[in-house]
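Data block below; observations after.
Number of protein chains: 2
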Amino acid sequence: MAEPLFNRMALIGLGLIGSSLGHAIKRANLASHVAGSARSAKTLETALKIGFVDTVHETPEEAVKEADLVILCVPVGICGPLCARISPYLKQGAIVSDVGSVKTAVIEACAPHIPPGVHFVPGHPMAGTEFSGPESGFAELFDNRWCMLTPLPDGDPGATDKMVRFWQGCGANVETMTAQHHDIVAAVTSHLPHLIAFNIVGTADDLETVTEREVIKYAAGGFRDFTRIAASDPVMWRDVFLNNKQAVLEVLERFNADLERLTQAIREDDGEVLYDQFKRTRHIRRGIIDEEKS
Amino acid sequence: MAEPLFNRMALIGLGLIGSSLGHAIKRANLASHVAGSARSAKTLETALKIGFVDTVHETPEEAVKEADLVILCVPVGICGPLCARISPYLKQGAIVSDVGSVKTAVIEACAPHIPPGVHFVPGHPMAGTEFSGPESGFAELFDNRWCMLTPLPDGDPGATDKMVRFWQGCGANVETMTAQHHDIVAAVTSHLPHLIAFNIVGTADDLETVTEREVIKYAAGGFRDFTRIAASDPVMWRDVFLNNKQAVLEVLERFNADLERLTQAIREDDGEVLYDQFKRTRHIRRGIIDEEKS
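These protein sequence lines map, in sequence, to chains A and B.
All residue numbers for the first sequence refer to the working numbering, where the first residue is 1 and numbers rise by one.
All residue numbers for the second sequence refer to the working numbering, where the first residue is 295 and numbers rise by one.
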């Protein structure tokens, strides 16, 4: 087996992403030792029992000592405070990365706490399921999924390159881009869809004329497609919206204007506007299906 | 093999639903003879070649002659004019049904054209795929899906009962309800999700800052879940929205009010409102998963 990419590494946070990373690292032998840290004792115990980490540590400060790579696998809202805590314990030459769905806000919150001689390479693996916790992880989560890296303008190219190889080792395809561009791409392809899904499921649940039982029973009519992503982790998503506010509000405004146009067409019996809109969305689906085949 | 439920039946319209019905009828031997009619000569040729009908007819008038059951498998907007055309050719004692996603408007358009002695039993199988045309049908489309029947208040119970058995023979679970209730249930579980999906795919496609290529590439982040239903047949969906206007506008109003509340929370950094909303939608997903297991 080839030499591991990293000697010691630390995973801070052992939920769906942290535990999946542990499994993926073991699968490809990407690190000699994986140290894990999480807030709850039960999570640490589970992680050790499943075996996707080699050691567990009650505090992130303990976990990051001597680590060559530290990955923050926590909701984006606590990345900043976490960096402030671990900052004094980071090894010279180490790489710090994260898995947050928002990049500009995470960089603003974390970068000031990264000591000189430590490299910060923010990342976002676009992968997930509707399940949470240390038992929900699996090695294949990142296979053939995209991981976006948003290196800082003055970042170390060697560190970025190592993170590209790391994520490829986890099975992912890697793309680098600026944090600003990442945030608008994520707002469109991920954050807006989640907000709409959370919203529509709530709307359906609130109606007086249709029971929850009926909504569940007849979900296959289209509603079901929305419920998977509306079952995602509420803390993670709260933090995403609080931290990608500008980009999300921008795409929401476009979404609302478009929806108003369709609503107006329904109100005014304008079949042509409806038909034209419904027809043009088919090629996007075909593009996605083709992409998956390739 | 048991005696077929119907001697001769006619399918008017041989797209996804019409062709799937043909296959399902053959599978369970529900009719001795299936006559098919469609607007295009190519569709008729394909239908005969695949063999899900026994005979094809250039006009619906020809197809319905001597039929004991006629099912209109066409967009809801043309059900009324079609009934007017076939009306003089319907056999005494025959049943006329449809598969439209809207029921009140279809009843208003069709009922006046149903001659005395012919029974009208409106129906809506909640099943579909993103594909269209006579080649897209398959016998299993209705298996374990719901078919809603909305018999008229003064309708013949025997005819309704026969349609229940017919749809059960096609593999579906059958529920009867009023047309009014059907339309609001369908607006929530199917029409609103489709409208939102059509809309969000359009919004994503229109942004200047994010390319279509990027939307397709990163669709797995959540966007993908919306594209399946946004690839549905545009004519069918145009007619649904034009014909279930009141119920759709009603649920849209609720959807917009809810979305405005979430938008406001994002604007004002109100994490509590976001968290509460995101948390409560999980149990609906669980309900759907449990339903599918049962």
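Glycine is no exception: its CB is placed at the ideal position from the N, C-alpha and C atoms.
The region 198 to 205 of chain A and the region 137 to 156 of chain A do not touch, with fewer than 3 CB-CB distances between them shorter than 8 Å. For E429(B), the CB contacts under 8 Å within the same chain, skipping 5 residues up- and downstream, are S313, T340, I344 in chain order.
Non-local C-beta neighbours of L82(A) in its own chain, meaning closer than 7 Å and more than five positions away in sequence, comprise I12, P60, L72, V74, ordered along the chain. The straight-line gap separating the alpha-carbon atoms of K587(B) and G581(B) is approximately 10 Å. Here the alpha carbon of V96(A) sits roughly 7 Å from the alpha carbon of V118(A). Residue nearest to L363(B) within the set H351(B), V479(B), A453(B) is A453(B) (criterion: CA-CA distance). For R213(A), the secondary structure class from DSSP, reduced to helix, strand or coil, is helix. For D269(A), the C-beta contacts it makes with chain B under 9 Å involve L536, K539, in order along the chain. Scanning T497(B), P419(B), N538(B) for the CA closest to the CA of C464(B) turns up P419(B). In the DSSP assignment, I86(A) forms no beta bridge with any residue. Residue pairing by DSSP places P419(B) opposite C441(B) in a beta bridge. For P112(A), the closest C-alpha among the options T176(A), A84(A), A67(A), T263(A) is that of A84(A). In this structure, F517(B) is the residue among T444(B), D455(B), F517(B) with its C-alpha nearest to the C-alpha of A186(A). Close partners of S294(A) in chain B (Cβ separation under 7 Å) are lacking, with about 11 Å as the shortest Cβ gap. Within 7 Å of the CB of G221(A), the CB atoms of chain B belong to M420, A480, T483, S484, in sequence order along the chain.
The continuous stretches of beta strand (DSSP E) do not include T472(B), and DSSP gives it neither H nor E.
In the DSSP assignment, G330(B) is bridged to L305(B), V350(B).
H194(A) belongs to the set of residues whose beta carbon lies under 8 Å from a beta carbon in chain B.
Residues H33, V34 of the same chain have their beta carbon placed closer than 6 Å to that of D54(A), with the five preceding and five following residues left out of the count. Taking a Cβ-Cβ cut-off of 8 Å, the neighbours of K279(A) in chain B comprise P528, given in sequence order. When the Cα atoms are used, E175(A) and D233(A) turn out to be separated by approximately 25 Å.
Judged by DSSP secondary structure, V390(B) falls within the beta strand (DSSP E) whose first and last residues are 389 to 392. A residue is called buried once 16 or more other Cβ atoms fall within 10 Å of its Cβ, and S132(A) is buried on that count. Judged by beta-carbon spacing, M303(B) lies beyond the 8 Å limit of A318(B), meaning their Cβ atoms are not closer than that value. In the displayed model, V364(B) falls within a strand according to three-state DSSP. Scanning the region 221 to 245 of chain A for uninterrupted alpha helix (DSSP H) segments of 4 residues or longer gives 224 to 227, 234 to 243, listed from N- to C-terminal end. Annotation: the continuous alpha helix (DSSP H) that includes T104(A) extends over 104 to 110. Residue nearest to M471(B) within the set K359(B), V415(B), A335(B) is V415(B) (criterion: CA-CA distance). Contact holds between the region 239 to 247 of chain A and the region 90 to 109 of chain A, because three or more Cβ pairs, one in each stretch, are under 8 Å apart.
Distance from V240(A) to L501(B) at the Cβ level is roughly 19 Å; contact not present, criterion being Cβ atoms closer than 8 Å. Residue burial is scored here from C-beta neighbours: T211(A) has fewer than 16 other C-beta atoms within 10 angstroms and is therefore classed as exposed.
DSSP links F300(B) through a beta bridge to A325(B). Annotation: the continuous alpha helix (DSSP H) that includes E291(A) extends over 282 to 293. In this chain, the alpha helix (DSSP H) harbouring L192(A) covers 192 to 206.
Within the model, the alpha-carbon separation for L16(A) versus D269(A) is close to 47 Å. With contacts defined as CB atoms closer than 8 Å, A38(A) and G80(A) fail to qualify as a contacting pair.
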